[in-house]
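A.B. asks:
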Amino acid sequence: MEKEEFMQRISNLNVWRNNGVRAPHKPLVLLYALGKLQNEQAQFFRFDEVEETLEKLLIDFGPKRKSNHPEEPFIRLETSGIWKINQLISTISKRLLREGKVEAGFTDEVFNLLMTNPDIIQQAAYKILNLHFPDTIHEDILEAVGLDFSASGFQRKKRDPQFRDKILRAYGYSCAVCGFNVRLGHTLVGIEAAHIKWHQAGGPDIEENGIALCSLHHKLFDRGVFTLNPERILIVSEEAHGTIGFEEWLLKFHSKPITKPISHQYEPDQSFLFWHVKEVFKGPERYTY
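Residue numbers (this note's numbering): -17 to 271.
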């Protein structure tokens, strides 16, 4: 298989979508497989040996669900044309995969391509990340799957400057949560335009789908540590906890409204807020005393 075909198959990955509902299962398993290949030159891995790790990836970087099913992408990736399973599977079941010691991984063609051209591992990883996750959590995911590109000069995808300018102007060039506003000379530092509904899920680059946040609160928002209710009240997840900085930079804003934009027409659209609650927030919300 040539590089162009491999990258195209990644772009065409059949990820279930329905009105912005997130299903990052296959992308996360592929990233894990790339990490195994980079670190161990491993082509295949057994489900029973990686089940716990894959499930943790789904919990940490997927939407909040009552249960997670790493067995689904482990098997269904076979339809991508870059993945194969070592035995015929008629029923997708965790128990059967464990008992059968089922293995899966890249096809021989893909494995040989990546072993011969290790730079493609990085290109494929960032292709997957850019297609399915906001860039604020790319490094977190890379660390979780064991991929290290720190020594490379890879050029990351740049943000849309017009979207950033519109959002920062709408919120007075300050973080809508904590009010952070610092300039170095005339240059604003550490304030970013956050999508409420991720661009990767079809979220538009408009004021009603954006909030100005400092780098810290942008990361926390994209990881689902907090969300906003329809009244723009900040809600912290009961799963969030910590010591130094937790009270000062997060908990004290719980149940408090964020800063309003300069015009009511720029206020967050409730459909985008609902998407964030459903697809990103690691709820339920904390109890308010």
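For every residue, glycine included, the Cβ atom is placed at its ideal position computed from N, Cα and C.
What first and last residue would you give for the beta strand (DSSP E) that runs through residue 218?
C.D. replies: 216 to 218 is the extent of the beta strand (DSSP E) around residue 218.
A.B. asks: Figure out for me which residue from 99, 85 and 84 has the closest Cα to the Cα of residue 91.
C.D. replies: Comparing Cα-Cα distances from residue 91 to each of 99, 85 and 84, the minimum goes to 99.
A.B. asks: What separation, rounded to the nearest whole angstrom, lies between the Cα atoms of residue 47 and residue 164?
C.D. replies: Cα-Cα distance, rounded: 38 Å.
A.B. asks: Would DSSP call residue 254 helix, strand or coil?
C.D. replies: Reduced to three states, the DSSP call for residue 254 is helix.
A.B. asks: Residue 191: buried (16+ other C-beta within 10 angstroms of its C-beta) or exposed?
C.D. replies: By the 10 Å Cβ count, residue 191 comes out buried.
A.B. asks: Let me make sure I understand the geometry here. Which of 109, 13 and 39 has the alpha-carbon closest to that of residue -15?
C.D. replies: Comparing Cα positions, the closest option is 109.
A.B. asks: The alpha helix (DSSP H) that contains residue 148, what's its start and end?
C.D. replies: Run containing residue 148: 143 to 152, per the alpha helix (DSSP H) assignment.
A.B. asks: Could you spell out the range, first to last residue, of the alpha helix (DSSP H) harbouring residue 34?
C.D. replies: Residue 34 -> alpha helix (DSSP H) spans 29 to 43.
A.B. asks: Expressed to the nearest angstrom, what Euclidean distance is found between the alpha-carbon atoms of residue 230 and residue 269?
C.D. replies: If I take the Cα positions, the gap works out to 18 Å.
A.B. asks: On the three-state DSSP scale, how would you describe residue -8?
C.D. replies: If DSSP states are grouped into helix, strand and coil, residue -8 belongs with the helices.
A.B. asks: Indicate the three-state DSSP secondary structure (helix, strand or coil) for residue 87 in the structure shown.
C.D. replies: Strand at residue 87.
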